[in-house]
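Protein chains in written order, with this note's numbering: chain A, 234 to 903; chain B, 6 to 353.
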Amino acid sequence: MSHNKPERRHGRGAVFMEFLGSMNLAITLLVAIAIASIIGTVLQQNEPYNNYVIKFGPFWFEVFKALGLYDIYGAVWFLFLLGFLLVTTSVCVYRYTPSLLRDMNHFRTDAQEKSLRAFKHHSRWEPEGDVGRMPELAQRFLTGRGYRVRVKTTDDHTMVAAMKGSSSRLGYLFAHVGIVVICLGGLIDGNVPLKWADYTGRIVPETRDIPVSQIPEHSILSEDNAAFRGSVQIPEGGRAGVVFLGMRDGYLVQPLPFRIELEDFRIEHYESGMPKSFESDLVIHDEELDQPLRQTIAVNHPLIYKGYAIYQSSFADGGSLMKMRAWSLDEPGREPLQIEGRVNQSVRINTPRGGYRLELDDFKLFNIFPNEEEGATKKFRNFGPSVVFRLRDSSGQAIEFMNYMSPVQIEGRYFFMSGMRSAVSEPYRYIHIPVGSDGTVKRFMRLRELAMDPERMQGAVEQQMGLLERTDFDPALARQVSDNIVAVVSLFVRQGLDAVFEQVQANFKEEAQQQGAMESYINVIRGVLGGIYIDVLAEEGIKIDQDVTEQDAQFFEDAMTALSLTGPYGSPVLLQLDSFEHVQASGLQITRSPGKDIVYLGCVMLMVGVFFMLYLHHRRVWLRISADGKLLFAGSGHRNRADFSGEFEELERGLRALSAAPGPDDDRAA
Amino acid sequence: MSVSPESIQESLERPSFFARLTPYDWVWALLVAAATIATYALYGGLMDGYEVGILLMSAPGLVLFGWGWKSMRSYTLAVAALSLLAIWVYGDSLANGESKFFLKYILASQSAIMWMSAMFVMATAAYYFGLAIRSEFSNRVGSALTWSASTMGLVGLMVRWRESYLMGSDIGHIPVSNLYEVFILFAVMTGLLYLFYEQQYRNRSLGGFVLTVISAAVAFILWYAFERGGHQIQPLVPALQSYWMKLHVPTNFIGYGAFALAAMVGVAYLFQERRAKRNPAALANSRLPSLEQLDDVMYKSIALGFAFFTVATVLGAMWAAEAWGGYWSWDPKETWALIVWLNYAAWL
Ligand code: HEM
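Okay, structure coming up:
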């Protein structure tokens, strides 16, 4: 690019312009932007601020925050870099274009012999015959190969100057103007005024989760805000007239000049449970419309209304109504409590352990997993609806649960499945409660109830001891043993197997002793609870004088496993979802980006420009025919030298042949 | 020098582009036209406007491609014949892939891709062997293997496309949607680009260098298939169900293929340069092309890559605009595309 530098002018302004339009500055800026961009990809952007504090510690957190590293691409200095690049490139285009256009149409017919001979590609020869017709022949020859030709005759020579592919120079123009246009469009959509308002503190992002009506003025933007990108969630049947723009650790509220109603949201799935399509039926209510506008949007099929683009972006539960039964684990005999609540809301419940807040977090209509059952014919199985909720006690501690609505079949038996975890980062740990033939957890609850009834327990223990058929106990000792057993079994029922093990560890030092003790404890527990289980069966009218069926025996095994976990389960109740009314919400992304078409225009220019620059090569050749019959052929190719060498040789061969032979017209004349 | 008037006339006015075409070229054009018409006649009813447009645009594109690079014709015919054969044998049942010998061992997408993998690796070895012992025969074997591997790779993708529809009409999609598929595309594209330059420069000595990167891709493909089950055809999530994606991904991979080629030629260049520094005379009878030639190939393939990469990035932005509501969100993928672009822009 050195051969067409505009001529230097002096003066401070000119020097400044030269600096602004210099390639070095452009490259420096590009490198700076590239480095900033890399930081942006390495450092997770726009996370909750707490995560950053944990990661970097309080000191570096503040430093990085001041540098705007958590939202680099929106940082003022980053926009400044982009703007600066825009200026540099504009100045460059401004300075180069005139000389470039001149160069494109300038054939340089007055090139000096000396300078032609300085070209890498040049050749001289002296043909034997007359060169009088050479200019015309050369012109035809070069035109036939796609060159544009000018001929100029002076006193001592004729110059045939030709060039080809000069529009590759336009490529430079297109590409660089394209870059300018793209940056311009990007800056418009980057909404500099908004960034500035934020920088000066005129607007302040809201960080609390409060209703729109309570959000203070300084977090609400004007309706004519030119460019933004925000999102809003609308439940089925609901309407929205604002969107929320995430900003740093908070959000801003952007009112819309119309209201969007969500009539229906549909989601389809593949067999594997992967989502196949999301669709929202929207109705736009606008005073300027005679009739509300109805339109269905889907991923990749947005609605553009008044320059606002409305995209389908996500979905969530929109407040489904959950009707549940809460079985008390502390008083299993009580009739289960009926509870009703909506997802995203909370309900208070009272238990013997105190008051709890039940926060309903999510509802899923189905849960599809790869089928791991043996001999299964289907690849996937549906576990059915599930509800996710948290139970928060009075001290604010919460445990999260995930309960399936319908009993799940595992190895031919049915279980009520509930998962719990105390931190979101942990996986759920599941408890499988066996379901009786009536499809409920009644039998399990009855077993638990009787096992928690001290009198029943006493009776069962005595029955067990009676089975030992030993009469040599002294009554005091017998009393002590039976109290011990009651304590152990109660501990098992109320706090689980782990608690029993802990007690064994406390009482016995050696491992062998511990093992032995554990074994006999488990035997005793099984015996006592087995006795109670027989009572439960009897109550149900099952004849127990015959052998217990395999099913009922298996139920006991499963119940033992479940009982051993109800302690650590951590919840005073077992919540069973009875029925629901499904309400979905659609997550919409709404943008206004007036710069988009400008960016596209710039992209087209850039693409055209790049193709011109890369695939057209500006080539020039000169044939200087001296009055004394000597020929000088020279040429220069801009870029792509290897190809030009070949072409130059071919042209030279042709021209030599032409100059050596009598021309076709001479031939005819002869 | 005696020159006949005819030859001068000839050298004055070069015959026009069309006059330079051979009868074979016209047969090729007729063949493509016939295939296009047949496709339209059979499936025109199922196509929407875009698809008809794509069909009508791709026909002349293919004709020109075949005119410009003659070997492309045999390649296209081979791919088309094998793919159609496989589809025909498949019929309507995916199960045929397991039971019909022809599919199970040769043409089912999984088998075709395994053949491709094996042949690319063998080609790499053949090229290096040829370079080491200066055996033109071994080099030719390398070329033949590369051609075959590229054929099998593309056939594999074509058949996979059909298989995805056999799995279920709602699952079917063009196989450019996961890492496994695009790596195959990458291997094929890079292979074809290399073959093009090999013919242009009549020099097979760079084969080993370029095929090394393809073999690396093959290693990844195999690892991904066997360790991660990447070869399983997965349905598309909604964001990927877009025309932009179908255009964006192949465009991008032509770009990547060209960049990869340039990078490996660059490696050869560095070798040559070091040798030139140590012993300039050794270059004269070097097996590798001259530095200028290497530079030329490198420049051209970066130029090609850059052009396609530019278009692909723009297409990607358009797709993002439609799927996610913003043409540019500075997500890591987009940002790195920009960084790559800026890097090559600075180089050019
Ligand atoms: C956003 C910043 C810029 C980008 C991405 C960019 C990109 C490019 C690219 C890709 C080429 C083509 C190179 C080739 O094909 O050989 C080019 C050429 C060129 N650029 Fe830039 N450029 C930028 C800014 C500038 C600036 C600020 C100047 C002012 C000095 C400038 C001056 C030139 C010149 C003179 C050429 C050669 C034109 C020709 O071949 O006719 N560029 N640029």
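Even glycine gets a Cβ: it sits at the ideal position worked out from N, Cα and C. What you are looking at is a predicted structure, and each value in this text was computed from that prediction instead of being measured.
Hey, is the segment 803 to 813 of chain A in contact with the segment 583 to 602 of chain A, meaning 3+ C-beta pairs nearer than 8 angstroms? As far as the Cβ criterion goes, the segment 803 to 813 of chain A touches the segment 583 to 602 of chain A, which means the pair count is three or higher.
Using a Cβ-Cβ cutoff of less than 8 angstroms, which residues in the same chain neighbour Pro-897 (chain A) once the five nearest sequence positions on both sides are dropped? Below a pLDDT of 50, predicted positions are generally treated as unreliable, and Pro-897 (chain A), at 45, falls in that range; no measurement from the model is reported.
Does Thr-387 (chain A) come out as helix, strand or coil in the three-state DSSP assignment? Thr-387 (chain A) falls in the coil class under three-state DSSP.
Mind checking which residues open and close the alpha helix (DSSP H) that includes Leu-570 (chain A)? It is not in any alpha helix (DSSP H) - Leu-570 (chain A) instead sits in the beta strand (DSSP E) that spans 570 to 575.
Asp-233 (chain A) versus A:Gln-747, A:Gly-566 and A:Val-757, residue with shortest Cα-Cα distance: There is no way to answer for residue 233 (chain A), as the model of chain A reaches only from 234 to 903.
Could you check whether the segment 862 to 881 of chain A touches the segment 331 to 343 of chain A, counting it as contact only if at least three pairs of C-beta atoms, one from each stretch, sit closer than 8 angstroms? Not touching, per the Cβ criterion.
So which of A:Ile-443, A:Leu-489 and A:Pro-801 has the shortest CA-CA distance to Ser-464 (chain A)? Among A:Ile-443, A:Leu-489 and A:Pro-801, the Cα nearest to that of Ser-464 (chain A) is on A:Leu-489.
Of all Cβ atoms in chain A, is any one closer than 8 angstroms to the Cβ of Ala-24 (chain B)? Not one beta carbon of chain A lies nearer than 8 angstroms to the beta carbon of Ala-24 (chain B).
Rank A:Lys-675, A:Gly-483 and A:His-851 by C-alpha distance to the C-alpha of Ser-561 (chain A) and give the top, closest one. It is A:Lys-675 whose Cα lies nearest to the Cα of Ser-561 (chain A).
At the level of alpha carbons, what is the spacing between Val-223 (chain B) and Tyr-229 (chain B)? Roughly 10 angstroms between the two C-alpha positions.
With Asp-910 (chain A) as the anchor, note down where its beta strand (DSSP E) starts and where it stops. Within the shown structure, residues of chain A are numbered from 234 to 903, placing residue 910 (chain A) beyond reach of any answer.
For a test of the three-state rule: what should DSSP assign to Leu-26 (chain B), helix, strand or coil? If DSSP states are grouped into helix, strand and coil, Leu-26 (chain B) belongs with coil.
Where Pro-687 (chain A) falls: helix, strand or coil (DSSP): Looking at Pro-687 (chain A) - three-state DSSP - the assignment turns out to be helix.
Leaving out five residues before and five after Val-769 (chain A) in sequence, what residues of the same chain have Cβ atoms less than 6 angstroms from its Cβ? Result list for Val-769 (chain A): Arg-679 and Leu-680, in chain order.
Determine, for Lys-863 (chain A), whether the minimum Cβ-Cβ distance to residues of chain B falls below 8 angstroms. Lys-863 (chain A) does not count as touching chain B.
Taking the alpha helix (DSSP H) that Val-160 (chain B) falls in, what are its first and last residues? Run containing Val-160 (chain B): 141 to 172, per the alpha helix (DSSP H) assignment.
Taking just the CA atoms, how far does Gln-630 (chain A) sit from Met-751 (chain A)? Taking the straight line from one Cα to the other gives about 33 angstroms.
Unbroken stretches of the alpha helix (DSSP H), 4 residues or longer, contained in the segment 602 to 664 of chain A: Correct list: empty.
My assumption, with CB atoms under 8 angstroms, is that Leu-554 (chain A) sits in contact with Leu-420 (chain A). Please give the rounded CB distance. The beta-carbon separation of Leu-554 (chain A) and Leu-420 (chain A), rounded to 48 angstroms, does not stay under the 8 angstroms limit for a contact.
Name the two residues that bound the continuous alpha helix (DSSP H) containing His-354 (chain A). Boundaries for His-354 (chain A): no alpha helix (DSSP H) harbours it, while the beta strand (DSSP E) harbouring it runs 354 to 358, taken from the DSSP string.
Could you round the C-beta distance between Ala-408 (chain A) and Gly-842 (chain A) to whole angstroms and report it? I think they count as a contact, below 8 angstroms. 3 angstroms between Cβ atoms; contact.
Where Val-218 (chain B) and Tyr-327 (chain A) are concerned, what is the direct C-alpha to C-alpha distance, given to the nearest angstrom? The straight-line gap from Cα to Cα measures roughly 43 angstroms.
Using only alpha-carbon positions, find the residue among A:Ser-348, A:Val-393, A:Arg-381 and A:Ser-356 that is nearest to Gly-365 (chain A). Nearest C-alpha to Gly-365 (chain A): A:Val-393.
Taking Trp-560 (chain A) as part of the beta strand (DSSP E), name the residues at either end of that continuous run. Start and end: 554 to 561.
Indicate whether Leu-522 (chain A) and Ile-543 (chain A) have their beta-carbon atoms separated by less than 8 angstroms. Not a contact, by the Cβ cut-off of 8 angstroms.
With a cut-off of 8 angstroms, does the C-beta of Leu-99 (chain B) fall near any C-beta of chain A? No, its Cβ sits nowhere closer than 8 angstroms to a Cβ of chain A.
Cβ neighbours of Phe-134 (chain B) in the same chain (closer than 6 angstroms, five flanking residues each side left out): Sequence-distant partners of Phe-134 (chain B) (beyond 5 residues in either direction) whose C-beta falls short of 6 angstroms from its own C-beta, in its chain, are Ser-143.
Anyone know if the C-beta pair for Ser-655 (chain A) and Ile-344 (chain B) falls short of 8 angstroms? Going by beta carbons, Ser-655 (chain A) and Ile-344 (chain B) fall outside the 8 angstroms limit.
Would DSSP call Ala-325 (chain B) helix, strand or coil? Looking at Ala-325 (chain B) - three-state DSSP - the assignment turns out to be helix.
With 7 angstroms as the C-beta to C-beta threshold (strictly closer), list the residues of the segment 830 to 845 of chain A near chain B in chain order. Those would be Val-832, Cys-836, Leu-839, Met-840, Val-843 and Phe-844, in chain order.
What distance in whole Å lies between the Cβ atoms of Ala-693 (chain A) and Glu-469 (chain A), which are believed to be in contact at a cut-off of 8 angstroms? Not really, about 53 angstroms apart at Cβ, beyond 8 angstroms.
Nearest to His-355 (chain A) (by Cα), restricted to the options A:Phe-881, A:Ser-892, A:Arg-889 and A:Gly-887: Of A:Phe-881, A:Ser-892, A:Arg-889 and A:Gly-887, the residue nearest in Cα terms is A:Phe-881.
Does the beta-carbon distance from Val-733 (chain A) to Val-761 (chain A) come in below 8 angstroms? No; because the gap between Cβ atoms is not below 8 angstroms, this pair is not in contact.
Say whether chain A places a C-beta atom closer than 8 angstroms to the C-beta of Val-319 (chain B). For Val-319 (chain B), the answer is yes, since a Cβ of chain A falls inside 8 angstroms of its Cβ.
Report all residues from its chain with a CB closer than 7 angstroms to the CB of Arg-242 (chain A); omit the five preceding and five following residues, and keep chain order. Here the model assigns Arg-242 (chain A) a pLDDT of 49, short of 50, so the residue's position is not dependable, and the following value carries that caveat. Result list for Arg-242 (chain A): empty, nothing under 7 angstroms.
From Asp-389 (chain A) to Ser-859 (chain A), what distance separates their C-alpha atoms? The straight-line gap from Cα to Cα measures roughly 6 angstroms.
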